[in-house]
Every structure is written in C-alpha cells, then in structure tokens.
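Asker:
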Amino acid sequence: MGKEAENEKLTTLGIKVNLSIKDRFDELKTDGSFDTNGQFLECLLERYANPLKVNKENEEKLRAANETIVKLRGELDAAQQKISERENEIARLNNSLAQLSEQSDQSVKDLNESYTSKHETMMKDHILVPISPLERKCLEYLTEREKKERKRNDITPEVFFMYVLSEMLIKGNKFSIKCVPDSVVDKLKKELSHE
Numbered sequence: 002m003g004k005e006a007e008n009e010k011l012t013t014l015g016i017k018v019n020l021s022i023k024d025r026f027d028e029l030k031t032d033g034s035f036d037t038n039g040q041f042l043e044c045l046l047e048r049y050a051n052p053l054k055v056n057k058e059n060e061e062k063l064r065a066a067n068e069t070i071v072k073l074r075g076e077l078d079a080a081q082q083k084i085s086e087r088e089n090e091i092a093r094l095n096n097s098l099a100q101l102s103e104q105s106d107q108s109v110k111d112l113n114e115s116y117t118s119k120h121e122t123m124m125k126d127h128i129l130v131p132i133s134p135l136e137r138k139c140l141e142y143l144t145e146r147e148k149k150e151r152k153r154n155d156i157t158p159e160v161f162f163m164y165v166l167s168e169m170l171i172k173g174n175k176f177s178i179k180c181v182p183d184s185v186v187d188k189l190k191k192e193l194s195h196e
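See below:
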C-alpha cells in the first residue's frame, strides 16, 4: 500500500468518525430530552466544560496547597535548626556543669582531706570530754559566777574548764573552786526536764 492509499483510508476513517459524532449529536438534539438548542448546549457545557473548570480550580488549589507545604516545610526546617542549636547549647552547658561538678567534688574531697589531716594533728594535742546536759549547765553556772567575781567578760566555759583542770592536776588544789550549790543543781535539773 502506498502513501496515497493510507491517506485515503485515514480520511475515510476520519469522515466516518465525524459522521458518527454528527449523527450522535443530531440524535441527542432530537430525542426530546432538550426543548431548545440552548438547553442542549448548556447540558453539554455542564458535562464537559464544567468538569474541566473544576479540574483547573482543583489544580490551582493543589498548587497553592503545595506552595503552603513548601513554605511550612521551610519553617519546620528552620525550627528544627533552632532546636538543634539549642540542644547543642544544652549539651555544652551540661558538659560545663559536669566539669564544674567534678571540680567541686574534687575541692570538697581536698577540703575533707585537709580538715581530716588538721583535725588529726589537732586531736593529738587535745582530748574530747563528753559531758551531760546537766554538767554543761553547771559549767556555765560556774563560768558566770567566776566572771562576776573576777569582773572579766572574756571567760568562756571552755576556758574555765581548763582553769579547773589546771588547778586540780598541776597545782593539786582540789577545792579551790566552790561547788555548785544543791539548790542551783535542783533548779538546773528542773529546767532540763522542762526542755
């Protein structure tokens, strides 16, 4: 088959298609569903043109939605970047805090060792003497009495205790200090029982 024969065949087919469309068009116009050609054209537009228009509007809405998504994605990326920066800052601060904590722990450890060493050295020259609350009150009473008798305000219970100890142990003077009277001891006992 030559080109001319093919062209003729295609033309014949095109004419047949056009004629069948025209026949279908005429059939639709005359079947009684439409009172006027305007109604027919309006129906044709509703069935063909309106879906195209709706499709175009939907494409525009989709394009706008995609632009919004792109914009929101950009904002989300920026927010994630800020979050990442803040997380890095928090990690840096945590590291600094850990270092400070470690330094503080070391300082406390060093101070404890220093205190323990000084305490051990000091305790070689000192004796701890546990006393009861009543004995403490009696010591305070005697200290106040000595302050009045000697007219000195710099005497503390500790200083007075050392004085009494020195009088007894070194000088052998057992009764150089007058004892606390029984009435005062009873009074101090009552005070302690109410506390």
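Residue numbers (the numbering used here): 2 to 196.
Idealized CB from N, CA, C, for every residue including glycine.
Just so we're clear, the structure is a prediction, and the values are computed from it rather than from any experiment.
CA-CA distance, L94 and Q82?
Answerer: 18 Å
Asker: Okay, do the stretch 158-166 and the stretch 132-141 touch, 3+ Cβ pairs below 8 Å being the bar?
Answerer: A contact exists between the stretch 158-166 and the stretch 132-141.
Asker: Tell me which same chain residues have a C-beta within less than 6 Å of the C-beta of S97, skipping the five on either side of it?
Answerer: none
Asker: Which residue comes first and which comes last in the alpha helix (DSSP H) that contains K188?
Answerer: Here the alpha helix (DSSP H) through K188 covers 183-195.
Asker: Between which two residues does the alpha helix (DSSP H) holding V165 run?
Answerer: 158-170
Asker: Taking 8 Å as the cut-off, does the stretch 177-196 touch the stretch 142-157 (at least 3 CB pairs, one atom from each stretch)?
Answerer: yes
Asker: Given a threshold of 16 other Cβ atoms within 10 Å of its Cβ, counted over all protein chains shown, does L101 qualify as buried or as exposed?
Answerer: exposed
Asker: At the level of alpha carbons, what is the spacing between R25 and D32?
Answerer: 10 Å
Asker: Within 10 angstroms of its Cβ, does L189 collect 16 or more other Cβ (buried), or is it exposed?
Answerer: buried
Asker: In three-state DSSP terms, what is T37?
Answerer: coil
Asker: With distances taken Cα to Cα, identify the nearest neighbour of P131 among K148, F162, E147, H120.
Answerer: F162
Asker: Starting from R151 and walking both ways along the alpha helix (DSSP H), at which residues does that stretch end?
Answerer: 134-151
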